[in-house]
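Position 334 (the sequence shown) corresponds to 320 in our numbering; numbering is contiguous.
The C-beta atom is built at its ideal place from N, Cα and C for all residues, glycine as well.
Below: the structure, in structure tokens.
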Amino acid sequence: MSANADFVRRDLAVLWHPCTQMKDHEWLPLIPIRRGQGVWLEDFEGKRYLDAISSWWVNLFGHANPRINAALAHQADELEHVILAGFSHKAVVELSERLVKLAPPGLTRCFYADNGSSAVEVALKMSFHYWRNLGRLRKTRFINLSNSYHGETLGALAVGDEPLYKKTYQPLLMDVITVPSPDCFERDSGESWEAHTRKMFAHMQQALAEYHEEVCAVILEPLVQCAGHFRMYHPVYLTLLREACDRYGVHLIADEIAVGFGRTGTLFACEQAGITPDFLLLSKGLTGGYLPLSVVLTHDKIYQAFYDDYTKLTAFLHSHSYTGNALGCRAALATLDIFRDDDVIARNRLLATHMQRATAALAEHPHVTEVRQHGMILAMELVQDKASRTPYPWQERRGLKVYQHALTRGVLLRPMGDVIYFMPPYVITPEEIRLLAEVAAEGIELATR
Ligand SMILES: *Cc1c(COP(=O)(O)O)cnc(C)c1O
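This is the structure in structure tokens:
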């Protein structure tokens, strides 16, 4: 038996993989990875794969990054973890100081959790609890966008809007007010992103006007709904939303778990609208893709609403065992060092241009209805009929054919439905981007036959 197959047999005997119909693995090979180096992953037989999706959008500076490795080794020798209630440590304080400096102005407090969904739960609970501490007991609901995604735990799932993940669990979920997404894929022909985005804000305006008395917060993913098939919109939505939330006394929760840390061309997507949300949620790229860690940044007004004598029982009594884990915080600090030392945001602008050029011809493909991009996120949407934008029947799993083809060519593309996307680590080279585009083009050709 080959080294890969032997290992896969062991895996399939004991594991249950995430987001997977396990029966698929009767015919779809699972790929065991022995090591990673930069943008490359290597399987048990030495075959290499270019990680075009940053291992589920987490990796920023390559696998086995020497600088992050060194920082972690040092931290492990000093302190791996300590309870963060009543205790503190160097890495978490340094990281909080750095994040407060880098985040939009006014976000002065960091609350940690250990994955993105948990950060969403923290923000929802904090917002609700803030209003409660102020005696605003009617505020119990949240506004979200259609096609949104905020994670898989029950609260996070409830404020998302992807039926594939959510529908089954609907009876368990709180009720939310869902406003149509400003998704610019839906714009009229000839309409600009900005005009469409502004037009769509009317729905949000209306929902806020109608429900603000009972709404704690609006939660959204700034600029790109990544898990929602990489649908994108113009930053003006965030500007308008900030004004409206202030006007109606509703919090704004910016879920930058996927788009934060340079993905959209700025360190944080909110910067493109010049706004400060009430809660900024970060995870995924926070540790450079090394360790599970998340953080909720908020401002002093929120913090002060919880700050009182213990017996008033206004404290935020929420915790996770690994809150503020020292290794995670150290990986995050090493990641921020790389941003600072390597002028990453400027280099990303060049890489984004390379991605755009390399895929420009694909926009003309008879089954590619749109190539869209925000910085280091580029997506191409396949359709059966371009004129009417009729999708392929989902049961045909066309995107999966692109995935399979790419693997034979040593590229890890993992289309979302029929949307093929590039979200590579920032250490990718222009040549490797050209390889990605070439392989994607071949895959699309095969999948749309
Ligand atoms: C991935 C993601 C989450 C959930 O993070 P997990 O760490 O997977 O729980 C939440 N929001 C957005 C926008 C995400 O992309």
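- Counting along the chain, H391 sits inside the alpha helix (DSSP H) bounded by residues 384 to 394.
- Relative to ligand 1, the beta carbon of A423 is positioned no closer than 7 Å to any heavy atom.
- The continuous alpha helix (DSSP H) containing E180 extends over residues 179 to 197.
- Non-local beta-carbon contacts of Q23 in its own chain, meaning distances under 8 Å to residues more than five positions away in sequence, involve G48, H49, A50 in chain order.
- In the three-state reduction of the DSSP assignment, A240 falls in the strand class, which pools E and B.
- In this structure, ligand 1 has a non-hydrogen atom nearer than 7 Å to the beta-carbon of I243.
- The alpha-carbon of C212 is positioned some 29 Å away from that of P52.
- S280: member of the beta strand (DSSP E) spanning 280 to 285, first to last residue.
- Shown here for P149: not one same chain residue has a beta carbon closer than 6 Å to its own, the five before and five after excluded.
- Contact annotation, I163 with T252: C-beta distance approximately 29 Å; criterion of less than 8 Å not satisfied.
- Around the CB of A373, fewer than 16 other CB atoms lie within 10 Å, so the residue is classed as exposed.
- Within its own chain, the residues whose Cβ lies closer than 6 Å to the Cβ of I17, once the five positions on either side in sequence are excluded, are D29, listed in chain order.
- Setting aside the 5 residues that flank it on each side, Y308 is surrounded in the same chain by D100, each with a C-beta closer than 6 Å to its C-beta; the list follows chain order.
- The DSSP-derived three-state label of F114 is helix.
- In the structure shown, F216 adopts coil according to DSSP, grouped into three states.
- F292 and S82 have their C-alpha atoms spaced approximately 19 Å apart.
- A Cβ-Cβ distance of about 19 Å is found for the pair C315 and A109, leaving them out of contact under the 8 Å criterion.
- Within 7 Å of the C-beta of V405 there is not a single heavy atom belonging to ligand 1.
- Between the alpha carbons of P168 and T297 lies a gap of roughly 45 Å.
- Distances taken from the Cβ of K152 to the heavy atoms of ligand 1 include none shorter than 7 Å.
- Taking a contact as a CB-CB distance under 8 Å, the pair Y116 and I363 does not count as one, their CB atoms being some 32 Å apart.
- A residue is called buried when at least 16 other Cβ atoms come within 10 angstroms of its Cβ; I69 does not meet this threshold and is exposed.
- The Cβ atoms of I239 and A195 do not sit closer than 8 Å to each other.
- Non-local beta-carbon contacts of F408 in its own chain, meaning distances under 7 Å to residues more than five positions away in sequence, involve A38, M341, L364, L422 in chain order.
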